[in-house]
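Residue numbers (the numbering used here): 36 to 1005. Inspection log for the structure reproduced underneath, given as structure tokens.
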Amino acid sequence: MKNQTIPNKKIQKVRRDYNSWVATETLEDYALRFAPKSFRKWSEFQVANTAIGGTSFLALEAIGGSIAISYGFANSFWAILTVGIIIFLTSLPISYYASKYNIDMDLLTRGAGFGYIGSTITSLIYASFTFIFFALEAAIMAQALELYFHLPLYLGYLVCSIIIIPLVFFGITVINQLQIWTQPIWLSLMISPYIFILYKEPNALSNWFNFAGRSVSGAEFNPLLFGAAATVSFSLIPQIGEQVDYLRFLPDKQKNNQIKWWLAMILAGPGWIIIGVAKELGGAFLASIAVSHGVSFAKATQPIQMYLIGFTEIFDDPKIVLIIGTLFVIISQIKINVTNAYAGSLAWSNFFSRLTHNHPGRVVWLIFNVAIALVLMELNVFATLEAVLGLYSNVAIAWIGALVADLVINKPLGISPSYIEFKRAYLHNINPVGFGSMLIASAVSMAAFLGIFGSVAQAYCGFIALVLAFILAPIIAIITRGKYYIARENQYKKINLSDTVECCICNQKYEQEDMAYCPVYQGSICSLCCSLDSHCYDRCKETTTALTPITEKPLLTIARKIISSKFSPQLGLRVVKFLGIFLFISGLVALIFGVIYYLDISQYLGNNSQSLLITLVKLYLPLLLLIGIGSWWLVLTEESRNLALEELNSQNLQLEQEIKQRQEVENSLRQSKTKLKEQTQQLQQTLEELKQKETQLIQTEKMSSLGQLVGGVAHEINNPVSFIYGNLDFTSEYTKQLLTLVKLYQQHYPEPKVEIEEYIEEIDLEFLKEDLSKIISSMTVGATRIRQIVQSLRNFSRLDESELKTVDIHEGIDSTLLILNNRLKSQSNSSAIEVIKNYAQLPFINCYPGQLNQVLINIINNSIDSINEYNQKPTSLNIQDYSGIIQIRTKVLEHNWVEISIADNGIGIKPEIINKLFDPFFTTKPIGKGTGLGLSVSYQIIVEKHQGKLFCISTPNNGVEFIIQIPIKQ
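Here you go:
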């Protein structure tokens, strides 16, 4: 739309919740909607079979029989055949577009020249078709029940109506199964009477060819009677709507199913009339047979009477004939009336959703449609079959003619859009192309039907309606330049969304084809929510800033011209609205009175019809007064409602603005609070980290000081120990030499002086010689041990080294074990702890050796504590039976990593504690025996410093295994 502007005012969005009947698509069958791919789960055959099942209606036989009796063979035969060809040709484009776009008859009519509100009239026409034929079919079934069960007709009508409701309650899901199971029985029972009649009565066809019925021309052809018969047969033209209601569930046409798709579309769409023509001709044939068997003209039009004659040729027993005939009628009528009731529920849903902006559910309108049909049956509509169908067909033909003209002329020529747009958001309310041509053609054909234009026009009024509508549609489209098809551009046609889109009103997700963008609610809206909205007044389609409906703008213009400037335009608007409502209701009542007079009174009262006509007029005049009062009340009520809505919307917008401001303030406070909370958490985290760092620094400083102390002590001890160790060899050599010298003296001076003898005896020279070598040997062992300890202390003193170095990791492990050797020895309350070393051939490791030694001493210390704690448990085994073991294993891993495993058989760790094991300050030791920092610092040294891994495997009472994994090179 050119220069489109959307009003700044926004309507308060209120979520719409549908009742369970509407929300459950198994019941709703996407009434008022595009049928989505997710719901179209049936094959081409199943959909076609369900649609073809609707052709079972015996009203076809009744119409054929009625036409044959009224107009004779030739007129009825050619009328049925001609109209059948026309219906096939008009049904083909309707079926194609409905199957392609997966929409029902009403949605198709909207987008094919009638507009959003304009198609309301066609919905009413279509709904009328469904309840008229529902009444006819149920009346036929009630006649069969009366014949077999002797059930009064008024009760039979009720029974035949009620039993249909539960079958249609669950929509196509149940109807599909019903048609599949009943199709073989119906076909066999329908065809078999014809076969047996032709076999047993060879003259049956010739009798039919010469059948005259009540025709004034006998069995011969008469153009006027042919036209009258065709008008009655034309009443079947809206049946394509019922076929389309099923065809919309066809799967998408693709390369792999093109043939099946086209076959299903043609057979179940326009193909229905092939069966329909056969059944109409069959009804004419059976009616002639029934009359030849003595059945009266009045009863010969009843299908039960027709098929009883046919079944008589098959079975000799009258009881079996009656049973089979009744069964056939019941099956046939149930098959068609589920279709009539289903289609009617869709039509009424479309009709009332636009008038009331409310949709209680398809099931509600199902019951409503059946109730109207029940009333018609109680009014004995079957008795006036020809008149009812002849009157109705004029409007139905005009509708179909205008619709088909748009599909086969306007769209191919580019006068109308090439696609079908059915959503309210993009359609004008009234499109004069289809709606105008239908009204003109209906009015002219109705006038012709009433005989205003003479007998010839009266006979051919159906053809007049069809041709006139078909010609007017493209003419009006050219005159208007097609500008009433699309009110504004559909944004979703520019994009292709594979996912569903959420409706901003009902919050349900639907496929792209069912969605529109609503600038008033500023979001995507589904077609149903858009249809039911009563607050927007279609402001998305026009430039307006008021809450006044856009349809009132032309009314205001008319009001200003009609009403003098002395009166307010608002009063003029009221008068125009009043006249519109008054004329519509009064005209509708006048039409009802006229139909009643035409169908009933004029046929039976003859000369008294004039007096009763005066009586009807007298009844009509007081009704006009009541209609006037009611019309004015409706105008004032609507005006009050609009004012109330305007005030409510204004208050809602003001309230929304206040809420928005408060929400902004609240959001600011919330953001400030959140920001403050985040800053507090960040500060707490920083403090916690500082605390940890401080503790780590203290621990590191302590270990560094300890390392310096150990290194200093080792250095101080190392000098005298080296001096002692280095002189032990000389001492041993000198001692040996002195002892050899003493031995030589004893040999050469065997008798020393007394003083020497006494001293030798005093010092026990022999013992001294023997023990001196032992002392020197012990001193050597002790000095060696001291040197080893000093070396271990020097290795351990690397704790204060902060540079990466390449070391032998086994030396660090051995040094740690040497330092902890005292804790590994047997104690008063525990036995010695055995250390099992399983070293692999490891390369030199690039690491921080001092910090790695710290990790080793922490873990081995914990293993020693775990073993000691296990020894101290009251339930533990005896010391002689339990021996603590620490296993240290090293190996090379893939990708140049090494692994150090330190496992013990101590008390183990509970599963709930393992996750906290490396947390700072977490300890299971008593107060004063642990700080909870050893493993935390170890974890940081391995993971953060060496980019390695440290984890623990343990089960209670089964020991602990700590695994260290670090890369060979940092």
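Backbone N, C-alpha and C define an ideal beta-carbon position, used for all residues, glycine too. Only a predicted model underlies this, so the values are computations on that prediction, with no experimental measurement involved.
**Request:** Tell whether a beta-carbon distance below 8 Å holds between residue 174 and residue 412.
**Result:** yes
**Segments of 3+ residues assigned as beta strand (DSSP E) that fall wholly inside the segment 447–491** = none
**Asked** For residue 282 versus residue 263, is the C-beta spacing smaller than 8 Å?
**Response** no
**Residue of 506, 347, 890 minimising C-alpha distance to residue 442** = 506
**Prompt:** Looking only at C-alpha atoms, which of 814, 924, 943 sits nearest to residue 766?
**Reply:** 814
**Prompt:** Is there contact here, the segment 461–478 with the segment 508–516, by at least three beta-carbon pairs under 8 Å?
**Reply:** yes
**Item:** The alpha helix (DSSP H) enclosing residue 247, as first and last residue numbers
**Value:** Neither: residue 247 is in no alpha helix (DSSP H) and is coded neither H nor E.
**Prompt:** Looking at the structure shown, is residue 552 part of a helix, part of a strand, or coil, going by DSSP?
**Reply:** strand
**Request:** Using the Cα positions of residue 494 and residue 483, report the straight-line distance between them to the nearest angstrom.
**Result:** 8 Å
**Asked** If you run the structure through DSSP and keep just helix, strand and coil, what is residue 697?
**Response** helix
**Prompt:** Just checking my contact of residue 357 with residue 380 at CB under 8 Å: how many whole Å lie between their CB atoms?
**Reply:** Wrong, their Cβ atoms sit about 34 Å apart, outside the cutoff.
**Asked** How would you call residue 348, buried or exposed, if buried means at least 16 neighbouring beta carbons within 10 angstroms?
**Response** buried
**Request:** Count the other C-beta atoms from every protein chain shown that fall within 10 angstroms of the C-beta of residue 85, then say buried if there are 16 or more, exposed otherwise.
**Result:** buried
**Where the beta strand (DSSP E) containing residue 924 begins and where it ends** = 920–928
**Prompt:** Is the distance from the Cβ of residue 126 to the Cβ of residue 370 below 8 Å?
**Reply:** no
**Asked** Taking the alpha-carbon positions, what's the residue 129 to residue 656 distance?
**Response** 43 Å
**Asked** Roughly how many angstroms lie between the CA atoms of residue 162 and residue 700, to the nearest whole one?
**Response** 55 Å
**Message:** Suppose contacts are defined by Cβ-Cβ distances below 8 Å. Is residue 675 in contact with residue 613 by that definition?
**Reply:** no
**Item:** Local conformation of residue 195 per DSSP, three classes
**Value:** helix
**Prompt:** How far does the beta strand (DSSP E) with residue 1000 in it reach, from first residue to last?
**Reply:** 995–1002
**Item:** Own chain partners of residue 324 with C-beta closer than 8 Å, once the 5 adjacent residues on each side are dropped
**Value:** 232, 236, 239, 242, 243, 341, 344, 345
**Message:** Using C-beta distances below 7 Å, list every residue in its chain close to residue 599, excluding the 5 sequence neighbours before and after it, in chain order.
**Reply:** Legend: pLDDT at residue 599 = 48, less than 50; position of this residue unreliable, no value from coordinates given.
**Request:** Under 7 Å Cβ to Cβ from residue 257, same chain only, skipping five residues before and after it: list those, please.
**Result:** 110
**Asked** For residue 180 versus residue 194, is the C-beta spacing smaller than 8 Å?
**Response** yes
**Message:** DSSP three-state label for residue 568, please.
**Reply:** coil
**Request:** Give the secondary structure of residue 841 by DSSP, where H, G and I count as helix, E and B as strand, and everything else as coil.
**Result:** strand
**Item:** Residues that DSSP places opposite residue 988 in a beta bridge
**Value:** 996
**Request:** Could you please give me the residues that DSSP links to residue 872 through a beta bridge?
**Result:** 923
**Message:** Whole angstroms are fine: how far does the CA of residue 858 sit from the CA of residue 995?
**Reply:** 18 Å
**Asked** Around the C-beta of residue 189, are 16 or more other C-beta atoms found within 10 angstroms, so that it is buried, or is it exposed?
**Response** exposed
**Item:** C-alpha gap between residue 565 and residue 139, whole angstroms
**Value:** 18 Å
**For residue 254, three-class secondary structure by DSSP** = coil
**Prompt:** Name the DSSP bridge partner or partners of residue 950?
**Reply:** Note: residue 950 sits in no beta bridge, so no partner.
**Inter-residue CB distance, residue 904 and residue 999 (contact presumed, cutoff 8 Å)** = Not quite, the Cβ-Cβ distance comes to about 23 Å (not below 8 Å), so this is no contact.
**Request:** Check residue 860 in the structure and name its three-state DSSP category.
**Result:** coil
**Assigned secondary structure, residue 134 (DSSP; H/G/I helix, E/B strand, else coil)** = helix
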